[in-house]
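Here's the structure we're looking at; comments come further down.
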Amino acid sequence: MYHNTQIKKLSMHMLWEHSRIFLHPRRLIASGVLGAAVAGLAFSGSLPAYAGTVMTHASAPRVHIYVQTVVWASKKNGAVPAWKKFGDAYGFAPATIVVRQGDEVTLTFRNLQAGAHDLHTFTLPAYGISRTLPRLSTVNVTFYADKAGDFPFHCDYHKPWMSGELVVLPAHGA
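This is the structure we're talking about:
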């Protein structure tokens, strides 16, 4: 049986080892807030460092990530000068999603816009995924991250601006 100090040391070590993969400059902004929250909970003893991973019967980690569609600039939200120059500008938040090869990934998309131009898609060509994200909806997309690499995704209606990247890190020991 571990003592609390041993658990905290182990949790700190596990968190450090797993956090190194997120220290790439492109990932710092996307992972900074979430990492700080998880680190705070892990170090306080309220949450073990491994709490974000749920193991299935086949020992494949499940990852659940929430993605929001956002309106960066539109006539409706008061960004009239930007809208006149560029038109409506939409995006995904987060735009960079990081998982590990072998993970079962569930992305929950929330499209809270209700306007005529607010229909979106999530299209991830490398994985053969194209899902419609209707106005005022929540849509789940589940897939296995079976190949490592960087894979672009986008909205078919608002590309190239409404886009992002799925980063699949190599499996442990690969």
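In terms of my numbering, the sequence shown is numbered consecutively and its last residue is 411. All residues carry an ideal CB built from backbone N, CA and C; glycine is no exception.
Check residue i in the structure and name its three-state DSSP category.
i: Tyr-303; result: strand
i: Tyr-381; result: strand
i: Pro-362; result: helix
i: Pro-318; result: helix
i: Val-270; result: Since pLDDT at Val-270 reaches only 39, below the 50 mark, its modelled position is unreliable, and the value read off the structure follows with that caveat. Here Val-270 sits in helix by DSSP.
Determine the extent of the beta strand (DSSP E) in which residue i is found, giving its start and end residues.
i: Pro-331; result: That residue, Pro-331, is in no beta strand (DSSP E); it is neither H nor E in DSSP.
i: Leu-344; result: 341–348
What does DSSP give as the partner residue(s) for residue i in the beta ladder?
i: Ala-310; result: Ala-326
i: Arg-372; result: None, per the DSSP bridge assignment.
i: His-357; result: Leu-370
Quick check for students: name the residue ranges of the alpha helix (DSSP H) that lie wholly in the region 381–405, counting only runs of 4 or more.
none
Is there contact between the region 337–344 and the region 301–312, where contact requires at least three CB pairs shorter than 8 Å?
yes
Is the region 389–405 touching the region 332–339, taking contact as three or more C-beta pairs under 8 Å?
yes
Do the region 352–361 and the region 392–399 meet, that is, are 3 or more Cβ pairs less than 8 Å apart?
yes
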